[in-house]
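In what follows, a structure is listed as structure tokens, so that the remarks can point back to it.
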Amino acid sequence: MFNRRDFIKGLGLTSVGWLSLGDLAFSKEFQNQADFRIPTVFAPIKVKGRVTSSGKGIANVAVSDGRVVSKTDARGDFEFVSGNDRDFVFVSLPSGYEIAKQANGSASFFNPLDKSKSSMTVSFDLKKSANSDDNHHFLLLSDTQIQDDYDANQLLTVSIPDVQKTIKSINDPNIFGIGCGDLVYDHLDLFKEYNQGIEATGIPFFQVVGNHDLDFKVRSDEQTTSTFKGHFGPTYYSWNRGEVHFVVLDDVFYLGRDSGQKYIGYIPEEQLAWLEQDLAQVEKGKTVVVSLHIPTYTGAVTRYPERDTIGGTVSNRQHLYRMLEGYQAHIMSGHTHFNDNMISGHVYEHCHGTVCGAWWSGPICYDGTPNGYAVYEAKGSEIQWQYKGTGLDIEEQFRVYKSGYHPDFPDFYSLNCWNYDPEWDLAWYENGVKVAAPMKIVAKDPWSMELHTGPSLPERRSWVEPQLTDHMFFFQPNSTNNLVVEAKDRFGNLYTKRIV
């Protein structure tokens with residue numbers, strides 16, 4: 076039987092013409108008729124079509140079935156041979172065009188492949204954006220992970236209204252969202268409530284499949300995403316916005332129903348081969364953002380060296396890193412329910428704190444990061460970001476605890492700066508004079524220790540335990556009079572707290 080406490084301890088092998096797709100493809104009727112099974116006998120399907128806008132063809136647009144990547148000619152035409160083992164034909168939306176939405180709020184960029192035919196025609200009619208998308212925003216929501224009516228109500232009445240306020244304050248017609256996996260918590264019927272929340276945001280969302288979004292009663296990984304595909308389409312794909320190329324991958328490899336619902340972090344060869352073709356269309360030096368659910372790597376590997384990480388990181392990540400050489404690469408992930416920023420050469424990985432925090436048990440993740448999501452802004456090829464705690468002002472970027480509060484460091488003031496990376500500058504001031512930078516120590520957040528320690532806490536998810544993090548800091552002021560803590564992020568944004 077799956078032991079959630081083992082997951083907390085290990086994050087290892089754990090259980091767990093263009094059709095109007097919004098009106099047709101994702102209706103209940105479509106989901107019942109769709110056949111995403113691998114056929115026993117392969118049959119080729121000749122696919123041809125055109126990508127247009129206002130009746131005119133668009134050249135150099137990538138169109139794919141997840142195995143072959145074709146490119147439109149000067150007239151916008153494309154043609155390639157697919158097969159009945161493919162589920163979709165999808166377009167890599169070019170920059171400068173609107174992101175169409177399905178009725179459920181998710182992005183619409185694909186057509187189901189008709190496996191009963193030997194040939195089919197697919198058309199994609201794109202609408203030119205009214206405004207340049209060179210500058211744009213996107214939100215990343217990881218692990219909404221709703222399991223029951225209580226969770227769904229929290230999502231719909233607390234988290235989504237906060238997202239709506241953020242979208243309104245940004246006021247960017249080019250804004251979109253990414254749902255970074257574990258949209259639900261094994262109960263796939265709750266995709267309905269998840270979709271309700273996404274639709275309410277009013278912006279298109281691209282979805283990533285997580286380990287809790289799978290059909291578990293199947294014998295192999297290839298069969299696990301049928302329900303997900305019925306709602307959201309392909310599990311790996313790409314699009315463009317301004318000067319940024321975006322990619323979604325499926326890195327949850329399920330070991331089958333006889334494994335006890337176990338999975339590993341792994342990117343299959345099929346996706347790597349597709350990604351090679353996809354990136355061949357992207358000029359070196361450009362910014363590439365790859366979203367997947369299981370992080371390729373996190374600081375938990377060194378914080379807990381005794382733990383098995385095969386279900387908590389991507390085992391073949393080096394192949395992905397090599398493909399991203401020559402690009403300004405950002406990897407977006409979730410899964411862990413803590414916030415971690417990892418920088419390795421040309422790759423910056425953002426492992427995000429979660430919308431549900433510690434599985435809807437309270438206001439924080441188990442590393443002390445507030446329940447929340449990330450806000451990104453692209454200015455040309457440059458990307459900036461902030462973490463937005465649900466119910467908190469976006470200027471709220473760290474929390475300070477007075478001496479005596481942290482049980483492991485009672486003589487120190489402690490500080491949790493959850494979106495920290497080495498380019499941040501932290502300092503404390505006494506009577507207007509800068510004293511020093513606080514010490515960074517691998518430690519647990521004391522509020523998490525208070526809320527999550529022991530077999531009976533938290534009440535809603537008693538298996539949650541506080542976790543070590545790399546974004547705790549400690550200092551001992553000489554005087555507590557007029558004490559101020561200051562944090563400056565890598566973009567020069569200054570955040571200040573006066574300690575009273």
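All you need for my numbering is the position in the sequence shown, starting with 1, plus 75.
No residue lacks a Cβ here, since even glycine has one placed at the ideal position from N, Cα and C.
Bear in mind the structure is a predicted one, so any value in this text is a computation, not a measurement.
Considering residue i, what are the terminal residues of the beta strand (DSSP E) in which it resides?
i, result
"V144", "144 to 146"
"T362", "362 to 366"
"R125", "119 to 128"
"S313", "312 to 316"
"R573", "569 to 574"
"Q459", "457 to 464"
"W503", "500 to 505"
"N210", "210 to 216"
"A512", "Taken as a continuous stretch (DSSP letters only), A512 belongs to no beta strand (DSSP E), as it is neither H nor E."
"F566", "Premise fails: F566 is in no beta strand (DSSP E) and is neither H nor E."
"Y441", "Counting along the chain, Y441 falls outside any beta strand (DSSP E), and DSSP gives it neither H nor E."
"D415", "415 to 419"
"V156", "152 to 158"
"F550", "547 to 550"
"E424", "422 to 426"
"S408", "403 to 408"
"H481", "Here H481 belongs to no beta strand (DSSP E), and DSSP marks it neither H nor E."
"G340", "338 to 340"
"H412", "From DSSP, H412 is part of no beta strand (DSSP E); its letter is neither H nor E."
"R474", "474 to 476"
Excluding the five sequence neighbours on either side, which residues of its own chain have a C-beta within less than 6 Å of the C-beta of residue i, listed in chain order?
i, result
"G432", "I439, C440, N446"
"A404", "V363, H421, V422"
"R80", "Reliability fails at R80, whose pLDDT of 43 lies under 50, so the model's placement of it is uncertain and no value is given."
"E154", "K123"
"A512", "L501, A502"
"F184", "F165, V166, L168"
"L201", "S128, Y172"
"F524", "A small correction: the amino acid at residue 524 is Met; Phe does not occupy that position in the sequence shown. The answer, listed in chain order, is P541."
Less than 7 Å between C-beta atoms, sequence neighbours within five positions excluded: which residues of the same chain meet that for residue i?
i, result
"E470", "Y570"
"R332", "F291, K292, V293, R294"
"N391", "Y341, I342"
"G567", "none"
"W522", "I439, G443"
"V575", "none"
"G158", "F117, A118, P119, I120"
"R573", "V559"
Return the first residue and the last residue of the alpha helix (DSSP H) that residue i is part of.
i, result
"H394", "392 to 398"
"L347", "344 to 354"
"K304", "301 to 307"
"S489", "No alpha helix (DSSP H) holds S489; the beta strand (DSSP E) holding it covers 488 to 491."
"S523", "521 to 527"
"R378", "375 to 378"
Can you give me the Cβ contacts of residue i inside the same chain, cut-off strictly under 8 Å, excluding the 5 residues immediately before and after it?
i, result
"P533", "A433, S436, G437, L526, H527, V539"
"N556", "E505, N506"
"V430", "L216, S217, D218, T219, Q220, L230, S234, N446, G447, Y448, T465"
"Q461", "A449, V450, I469, Q472, N494, D564, N568"
"K103", "Bear in mind that the predicted position of K103 carries a pLDDT of just 41, short of 50, making it too unreliable to give a figure here."
"Q108", "Per-residue confidence for Q108 stands at a pLDDT of 39, beneath the threshold of 50, marking its modelled position as unreliable; the derived number appears in the next sentence. Within the same chain, Q108 has no close Cβ partners at all."
"E274", "A178, N179, G180"
"K131", "G151"
"S193", "A118, P119, I120, K121"
Would you please state the rounded distance, in angstroms, between the beta carbons of residue i and residue j? I believe it to be under 8 Å.
i, j, result
"T310", "V284", "5 Å"
"R565", "W499", "6 Å"
"L289", "Y329", "6 Å"
"D442", "Q551", "At roughly 23 Å, the Cβ-Cβ gap does not stay under 8 Å, so D442 and Q551 are not in contact."
"A137", "V144", "5 Å"
"G409", "H394", "Rounded, the Cβ-Cβ distance is 21 Å, inconsistent with contact."
"D496", "N414", "Wrong, their Cβ atoms sit about 11 Å apart, outside the cutoff."
"G387", "A375", "7 Å"
"H425", "M407", "5 Å"
"D325", "Q346", "7 Å"
Within the region 221 to 298, note down every full beta strand (DSSP E) run reaching 3 residues or more, in order along the chain. 251 to 254, 280 to 282
Are the region 252 to 266 and the region 483 to 503 in contact at 8 Å, needing three or more beta carbon pairs? Taking 8 Å as the limit for Cβ pairs, the verdict is that the region 483 to 503 does not touch the region 252 to 266.
Suppose only complete runs of 3+ residues qualify. What are the beta strand (DSSP E) ranges in the region 163 to 201, listed by chain order? 163 to 166, 185 to 187, 194 to 200
Flag this pair as touching only if the region 365 to 373 and the region 142 to 151 have three or more C-beta atom pairs under 8 Å; answer yes or no. no
Three or more C-beta pairs under 8 Å: does that hold for the region 181 to 193 against the region 219 to 238? They do not touch, by the three-pair rule.
Count the C-beta pairs between the region 202 to 210 and the region 223 to 242 that are closer than 8 Å, then say yes if the count reaches three, no if not. Taking one beta carbon from each stretch, the region 202 to 210 and the region 223 to 242 have fewer than 3 pairs nearer than 8 Å; the two do not touch.
Are at least three pairs of beta-carbons, each pair with one atom in the region 309 to 327 and one in the region 157 to 168, less than 8 Å apart? Taking a cut-off of 8 Å for Cβ pairs, the region 309 to 327 and the region 157 to 168 touch, as three or more such pairs fall below it.
Would you say the region 351 to 359 touches the region 376 to 384, given that touching needs at least three Cβ pairs under 8 Å? Judged by Cβ distances under 8 Å, the region 351 to 359 makes no contact with the region 376 to 384, as fewer than three pairs qualify.
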